[in-house]
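Taking it in order: structure first as structure tokens, then the write-up.
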Amino acid sequence: MTDIRENEIRADAPVSSDASVAFIGIIRTPWPDRSLCPRQGRLDGPECRLVLQPQWCDALQGLEKFEMIDVLYWLDRSRRDLVTQSPKSDGRTVGTFALRSPVRPNPIGLSKVKLVGIDGGEVVVRGLDCIDGTPLIDIKPDICAFSPIAPPKQSAEF
Ligand code: SAM
Numbered sequence: 001m002t003d004i005r006e007n008e009i010r011a012d013a014p015v016s017s018d019a020s021v022a023f024i025g026i027i028r029t030p031w032p033d034r035s036l037c038p039r040q041g042r043l044d045g046p047e048c049r050l051v052l053q054p055q056w057c058d059a060l061q062g063l064e065k066f067e068m069i070d071v072l073y074w075l076d077r078s079r080r081d082l083v084t085q086s087p088k089s090d091g092r093t094v095g096t097f098a099l100r101s102p103v104r105p106n107p108i109g110l111s112k113v114k115l116v117g118i119d120g121g122e123v124v125v126r127g128l129d130c131i132d133g134t135p136l137i138d139i140k141p142d143i144c145a146f147s148p149i150a151p152p153k154q155s156a157e158f
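FYI, in the UniProt record's numbering the residues of the sequence shown are 1 to 158.
If you want it as structure tokens, here you go:
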């Protein structure tokens, strides 16, 4: 994509073969396209489902203990080449890394969501903002509630 707004800067989009991410499932939401998604999810928003591929279902063991979880997803319909962006289309630009725009070199979305329940291989959450069918990258317990299960590291370790 080459069209840009006033004062925006673009770069060459990353080549798609420089790293790979294995999607672990898809996200089911009520929103069929970008224009209908909320800009950021709300914890009182509609229920959405993280539908895991069968081989990852056992990876959910223990997740039910957490009230809040982080969900990472691939904003697959985003362009990836903007260095600066003009969110209001008014000629004023902001650096991509100062925004939570879906337009970024690696279009990873991150939402802290409320865990409503686990239904087999599907995780029911509130607080998402992505298009129905968005690829799922990862699920993690909210960092504030998580205590490491492994013993503390020695200072020389990293
Ligand atoms: N909460 C995430 C974050 O902060 O990293 C994403 C925020 S981003 C502003 C959310 C917007 O991305 C939505 O309002 C929609 O316009 C767009 N979007 C949602 N799903 C997308 C997808 N699969 N591909 C491209 N854009 C998407």
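C-beta atoms are modelled at their ideal positions from N, C-alpha and C, and glycine is treated no differently.
Quick caveat, the model's predicted, so the values are computed rather than measured.
Contacting residues, own chain, Cβ-Cβ under 8 Å from residue i (five flanking each side not counted)
{"i": "Val125", "result": "Glu47, Cys48, Arg49, Leu50, Ile69, Val71, Val113, Lys114, Leu115, Val116"}
{"i": "Thr96", "result": "Leu82, Val83, Thr84, Gln85, Val103, Arg104, Pro105"}
{"i": "Ile27", "result": "Cys48, Arg49, Leu50, Val51, Val71, Tyr73, Leu128, Cys130, Asp132, Gly133, Thr134, Pro135, Leu136"}
{"i": "Pro14", "result": "Arg80, Pro105, Asn106"}
{"i": "Val21", "result": "Trp74, Ile137"}
{"i": "Asp44", "result": "Arg126"}
8 Å contact criterion, which residue i and residue j should meet: CB distance rounded
{"i": "Leu136", "j": "Phe23", "result": "6 Å"}
{"i": "Arg34", "j": "Arg5", "result": "The pair is not a contact, with the Cβ atoms about 16 Å apart (cut-off 8 Å)."}
Proximity of residue i and residue j at Cβ, strictly below 9 Å
{"i": "Ile131", "j": "Pro54", "result": "no"}
{"i": "Arg100", "j": "Met1", "result": "no"}
{"i": "Glu67", "j": "Ile118", "result": "no"}
{"i": "Val123", "j": "Ile108", "result": "no"}
{"i": "Gly120", "j": "Gly25", "result": "no"}
Residue i beta carbon near ligand 3 (any heavy atom closer than 8 Å)
{"i": "Gln85", "result": "Absence of ligand 3 is noted for the structure shown, with ligand 1 being the only ligands found."}
Close-in-space but distant-in-sequence residues of the same chain around residue i (CB under 7 Å, 5 per side omitted)
{"i": "Thr93", "result": "Asn7, Glu8, Thr84, Gln85, Ser86"}
Same chain, Cβ closer than 6 Å to residue i, five either side skipped, listed in chain order
{"i": "Ala11", "result": "Asp81, Val83"}
{"i": "Gly91", "result": "Glu6, Asn7"}
{"i": "Leu110", "result": "Leu72"}
{"i": "Ser89", "result": "Arg5"}
{"i": "Cys57", "result": "Gly121"}
{"i": "Pro30", "result": "Pro46"}
Can we say the segment 24 to 42 touches the segment 143 to 157, given the rule of at least three CB pairs closer than 8 Å? no
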